[in-house]
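Asker:
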Amino acid sequence: MLRFLEPIINGVLLGGLYAVIGIGLSMIFGIIRQVNLAHGELMILASYFSLLTLQLLGLHPLLTFLFVLPAMFIFGYLIQALLFNRVMGKGMEPFLMISFGLSIILQNALLLIFTPDARSLKNTLVIQSLNVYDLFHVPLIYIVNFAVSILVIGLLHQFMKRTYLGWAISASAEDLSAAKLMGINPKRVYALAMGIAAVTAAISGVLVGMTFTFYPHSGTQYLIIAFGVVIIGGLGSLPGTFLGGLILGISQLAGGHIIGPGFQLLSGYIILLVVLTIRPQGILGRG
Amino acid sequence: MAMLEVRDLDVYYEKFQALSGVELDVQRGQIVSLLGANGAGKSTLLKTISGILKPASGSIYFDEKRIDNLQPHDIVNLGIGLVPEGRKIFSALTVRENLLIGSYTGRARRTRNKTLEDVFHLFPVLKHRSQQKGTDLSGGEQQMLSIGRALMSQPRFSIFDEISLGLSPVVVKELYRTIKRINQEGMTVVLVEQDVKRSLKVANFAYILQEGRITLKGNPRDFTEEAVKKAYFGV
Numbered sequence: 001m002l003r004f005l006e007p008i009i010n011g012v013l014l015g016g017l018y019a020v021i022g023i024g025l026s027m028i029f030g031i032i033r034q035v036n037l038a039h040g041e042l043m044i045l046a047s048y049f050s051l052l053t054l055q056l057l058g059l060h061p062l063l064t065f066l067f068v069l070p071a072m073f074i075f076g077y078l079i080q081a082l083l084f085n086r087v088m089g090k091g092m093e094p095f096l097m098i099s100f101g102l103s104i105i106l107q108n109a110l111l112l113i114f115t116p117d118a119r120s121l122k123n124t125l126v127i128q129s130l131n132v133y134d135l136f137h138v139p140l141i142y143i144v145n146f147a148v149s150i151l152v153i154g155l156l157h158q159f160m161k162r163t164y165l166g167w168a169i170s171a172s173a174e175d176l177s178a179a180k181l182m183g184i185n186p187k188r189v190y191a192l193a194m195g196i197a198a199v200t201a202a203i204s205g206v207l208v209g210m211t212f213t214f215y216p217h218s219g220t221q222y223l224i225i226a227f228g229v230v231i232i233g234g235l236g237s238l239p240g241t242f243l244g245g246l247i248l249g250i251s252q253l254a255g256g257h258i259i260g261p262g263f264q265l266l267s268g269y270i271i272l273l274v275v276l277t278i279r280p281q282g283i284l285g286r287g
Numbered sequence: 288m289a290m291l292e293v294r295d296l297d298v299y300y301e302k303f304q305a306l307s308g309v310e311l312d313v314q315r316g317q318i319v320s321l322l323g324a325n326g327a328g329k330s331t332l333l334k335t336i337s338g339i340l341k342p343a344s345g346s347i348y349f350d351e352k353r354i355d356n357l358q359p360h361d362i363v364n365l366g367i368g369l370v371p372e373g374r375k376i377f378s379a380l381t382v383r384e385n386l387l388i389g390s391y392t393g394r395a396r397r398t399r400n401k402t403l404e405d406v407f408h409l410f411p412v413l414k415h416r417s418q419q420k421g422t423d424l425s426g427g428e429q430q431m432l433s434i435g436r437a438l439m440s441q442p443r444f445s446i447f448d449e450i451s452l453g454l455s456p457v458v459v460k461e462l463y464r465t466i467k468r469i470n471q472e473g474m475t476v477v478l479v480e481q482d483v484k485r486s487l488k489v490a491n492f493a494y495i496l497q498e499g500r501i502t503l504k505g506n507p508r509d510f511t512e513e514a515v516k517k518a519y520f521g522v
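Chains A and B, in that order, give the protein sequences. Numbering of the first sequence is given in our numbering, commencing with residue 1 and proceeding in unit increments. Numbering of the second sequence is given in our numbering, commencing with residue 288 and proceeding in unit increments.
1. Just the chain B side, please: which residues come within less than 8 angstroms of residue 185(A) by C-beta, in chain order?
2. Straight-line CA distance for residue 401(B) to residue 31(A)?
3. How would you call residue 303(B), buried or exposed, if buried means at least 16 neighbouring beta carbons within 10 angstroms?
4. If we ignore side chains and look at the alpha-carbon of each, how far apart do residue 152(A) and residue 370(B) end up?
5. For the stretch 164-185 of chain A, which residues have a beta carbon sitting closer than 9 angstroms to at least one beta carbon of chain B?
6. Let me know if residue 288(B) comes out buried or exposed under the rule of 16 or more other beta-carbons within 10 Å of its beta-carbon.
7. Give the C-beta separation of residue 222(A) and residue 21(A) to the nearest angstrom, bearing in mind that I take them to be a contact with Cβ-Cβ under 8 angstroms.
8. For a minimum of 4 consecutive residues, which ranges assigned as the alpha helix (DSSP H) are wholly contained in the stretch 381-438 of chain B?
9. Give me the chain A residues within the contact set of residue 392(B), using Cβ-Cβ distance strictly less than 7 angstroms, ordered along the chain.
10. Is the separation between the beta-carbon of residue 253(A) and that of residue 14(A) shorter than 8 angstroms?
11. Taking the beta carbon of residue 360(B) as the centre, do at least 16 other beta carbons fall within 10 Å, making it buried, or is it exposed?
12. At what residues does the alpha helix (DSSP H) containing residue 118(A) begin and finish?
13. Please classify residue 10(A): is it buried, with 16 or more other beta-carbons within 10 angstroms of its beta-carbon, or exposed?
14. Residue 209(A): which of 137(A), 121(A), 59(A) and 67(A) sits nearest, CA to CA?
15. Can at least three beta-carbon pairs, one atom from the stretch 458-472 of chain B and one from the stretch 290-297 of chain B, be found at a separation below 8 angstroms?
16. Can you find a CB in chain A that lies within less than 8 angstroms of the CB of residue 442(B)?
17. Pop quiz: residue 376(B) and residue 429(B) are said to be a contact at Cβ under 8 angstroms. What is the actual Cβ separation, rounded to whole angstroms?
18. Strictly by DSSP, which residues pair up with residue 493(B)?
19. How is the alpha helix (DSSP H) around residue 171(A) delimited, first residue to last?
20. In terms of residue numbering, what span does the alpha helix (DSSP H) encompassing residue 220(A) cover?
21. With a threshold of 8 angstroms between beta carbons, is residue 278(B) in contact with chain A?
22. Can you confirm whether residue 320(B), when its beta carbon is compared against all beta carbons of chain A, has any partner nearer than 8 angstroms?
23. Are residue 520(B) and residue 324(B) closer than 8 angstroms when you measure CB to CB?
24. Which full runs of the alpha helix (DSSP H) of 4+ residues lie inside the stretch 185-220 of chain A, going along the chain?
25. Short of 7 angstroms in beta carbon distance, which residues of its chain neighbour residue 87(A), apart from the five on each side in sequence? Order them along the chain.
26. Buried or exposed: where does residue 300(B) fall if 16 or more other Cβ atoms within 10 Å of its Cβ makes it buried?
27. Report yes if the C-beta distance between residue 435(B) and residue 386(B) is below 8 angstroms; otherwise report no.
28. Determine, for residue 363(B), whether the minimum Cβ-Cβ distance to residues of chain A falls below 8 angstroms.
29. Looking at the C-beta of residue 305(B), does it have a partner C-beta in chain A at a distance below 8 angstroms?
30. Thinking C-alpha only, which one of 513(B), 333(B), 335(B) and 471(B) is nearest residue 491(B)?
31. Any Cβ of chain A within less than 8 angstroms of the Cβ of residue 487(B)?
32. For residue 424(B), decide whether its Cβ has a neighbour in chain A, counting only Cβ atoms nearer than 8 angstroms.
33. Which residue's Cα is closest to the Cα of residue 184(A): 453(B), 320(B) and 391(B)?
34. With three or more beta-carbon pairs closer than 8 angstroms as the criterion, would you say the stretch 168-177 of chain A touches the stretch 46-58 of chain A?
35. As an exercise, report each continuous beta strand (DSSP E) stretch of at least 3 residues that is fully enclosed by the stretch 291-343 of chain B, in chain order.
36. Quick test of the definition: if touching needs 3 or more C-beta pairs under 8 angstroms, does the stretch 401-415 of chain B touch the stretch 449-462 of chain B?
The structure is reproduced here in structure tokens:
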């Protein structure tokens, strides 16, 4: 039994990071009913931006949040205001096309500027690990990831519950024409929501950059993780996204431990298929 | 000049013409009743006035300002409030939050806490239930919430769409009393109803719509039962 303790604990911690990776995608689906295929690129864009500020100013990667998060909020706001808002209410396809195009442009722009070399946001947390009563080891960075994830999800929850803008966002998500009658300008609400989603993507991008190496094309890989998380948990549900992250994290690490390290992804996606079969709307998704 | 003027309005749902050549005037301080069977075009007219639908041709003026090319949130900000059919309470929000979200526009937002007190004064039951989820209220209370929420935008002109639908006569009577009271305090009111008798009793002026056209208008006291039936059903 004890030999499963380490992969399960690490799976939970990794799952917290996965939840933050998925949360922006889930949020935008919940509010705009659209899938942002450039979500992974928003993450990696933030990773490179963090790399840049870290090299220029010599900051700890976690401190680069101070610059990266406001910049990514503005970036998210602008792509919604200038691009996506033009195709609101015109079905799924135009939004998918624009976000796919945006992901290609961002990937290639990063490739052009930063070359295809592997990068990482160097920090000492990666090489340190916590030894818990000689029972199991936990990399320190995993604990940081999990703590930041809990903080992000908690703050987002409070934001939606307590702020005026949060109420306007949930009102627009629930009934758009009723929200318009309240005097809510949906295009502005959407732009702010995309800004917030970009901030969550940026947080996960910096954490991913601190934990693993990244390349200009890494976004695709994380978009798939984000999809896994929100499909397991249920699109548009905040607690569902958190649960989805944990399940995907545990099933990857525990599955990898049982079947063999090469099969991490496989075991994660087997769980995904099982959930899709039994509960297609996701565990906490609304029918 | 009338407070609201609708001129030669044509509205389409794709190819289907829902309104043709509609003319409507609402004088300041009046209660105007808009009647018609299901599908006559009442809701289409309201959606067009509030900016959710755009007319193919014709114009709408509010206080001498043209509004048919404006967005819904701008129209709300000018002072037109709509109590939508089916109440449309936000289930994710509490009673208090549902009300406060009604003051989202710039003009109403600054004074929202004071307006909230006024609405609680008008509907004390909402104050008692302010922390409950909006959709946990009874039908009549939800209708009060929907009316209160529309008042939170501080309108000078309010449209009530089918407020008596599915409610008991006692509750409907109370709602109508409240509407009269709001009207006496200076609000111009448009009532959209299928309940012909009650609606005609309180109105200063009435319009009957049939298949997208105005078939009868005037002071409801001058209407004969026969004329109303003909305008309503076309027989």
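Every residue, glycine too, gets a C-beta built ideally from N, C-alpha and C. These numbers were taken from a predicted model, which means no experiment stands behind them.
Answerer: Let's see:
1. 358 and 360, listed in chain order.
2. If I take the Cα positions, the gap works out to 30 angstroms.
3. It is exposed - the Cβ of residue 303(B) has fewer than 16 other Cβ atoms within 10 Å.
4. Distance between the alpha carbons of residue 152(A) and residue 370(B): 37 angstroms.
5. Of all residues in the stretch 164-185 of chain A, those with a C-beta nearer than 9 angstroms to a C-beta of chain B are 164, 167, 168, 170, 171, 173, 174, 175, 177, 178, 179, 180, 181, 182, 183, 184 and 185, reading in chain order.
6. Counting every other CB atom within 10 Å of its CB across the protein chains shown gives residue 288(B) a total below 16, marking it as exposed.
7. Between the beta-carbon of residue 222(A) and that of residue 21(A) there is about 6 angstroms, and that keeps the pair under the 8 angstroms contact cut.
8. Taking 4 residues as the shortest admissible run, the stretch 381-438 of chain B contains the following complete alpha helix (DSSP H) segments, listed from N- to C-terminal end: 382-388, 393-396, 399-409, 411-415 and 426-438.
9. What residue 392(B) touches in chain A: 183.
10. Cβ distance < 8 angstroms, so residue 253(A) and residue 14(A) count as in contact.
11. Looking at its Cβ environment, which holds 16 or more other Cβ atoms inside 10 Å, residue 360(B) is buried.
12. No alpha helix (DSSP H) contains residue 118(A), which DSSP labels as neither H nor E.
13. When all chains shown are included, residue 10(A) counts as buried.
14. It is 121(A) whose Cα lies nearest to the Cα of residue 209(A).
15. Judged by Cβ distances under 8 angstroms, the stretch 458-472 of chain B makes no contact with the stretch 290-297 of chain B, as fewer than three pairs qualify.
16. At a cut-off of 8 angstroms between beta carbons, residue 442(B) makes no contact with chain A.
17. For a cut-off of 8 angstroms, the C-beta gap from residue 376(B) to residue 429(B) is around 5 angstroms, short enough to register as a contact.
18. For residue 493(B), the pairing in a beta bridge is given by DSSP as 320(B) and 505(B).
19. Residues 164-174.
20. Note, residue 220(A): alpha helix (DSSP H), 218-233.
21. Past the boundaries of the shown model lies residue 278(B); chain B is included only from 288 to 522, so the question cannot be answered.
22. Chain A, which has no Cβ nearer than 8 angstroms to the Cβ of residue 320(B), makes this no.
23. Taking 8 angstroms as the Cβ cut-off, residue 520(B) and residue 324(B) qualify as a contacting pair.
24. Counting whole runs of 4 or more residues, the stretch 185-220 of chain A contains the alpha helix (DSSP H) stretches 186-211.
25. Same-chain partners within the cutoff: 94, 95 and 98.
26. Of the residues assessed, residue 300(B) falls on the exposed side of the cut-off, its CB having fewer than 16 other CB atoms within 10 angstroms.
27. Cβ atoms of residue 435(B) and residue 386(B): closer than 8 angstroms.
28. Chain A, which has a Cβ nearer than 8 angstroms to the Cβ of residue 363(B), makes this yes.
29. Interface residue (Cβ-Cβ distance to chain A less than 8 angstroms): residue 305(B) is not classified as such.
30. The shortest C-alpha to C-alpha distance from residue 491(B) to any of 513(B), 333(B), 335(B) and 471(B) is the one to 471(B).
31. False, the Cβ-Cβ gap to chain A never drops below 8 angstroms.
32. Judged by the 8 angstroms Cβ criterion, residue 424(B) is not in contact with chain A.
33. When only C-alpha atoms are compared, the closest one is 391(B).
34. In the pairwise beta carbon analysis, the stretch 168-177 of chain A is classified as not touching the stretch 46-58 of chain A: fewer than three pairs are separated by under 8 angstroms.
35. Complete beta strand (DSSP E) runs here, min 3: 291-300, 303-313 and 318-323.
36. As far as the Cβ criterion goes, the stretch 401-415 of chain B does not touch the stretch 449-462 of chain B, which means the pair count is below three.
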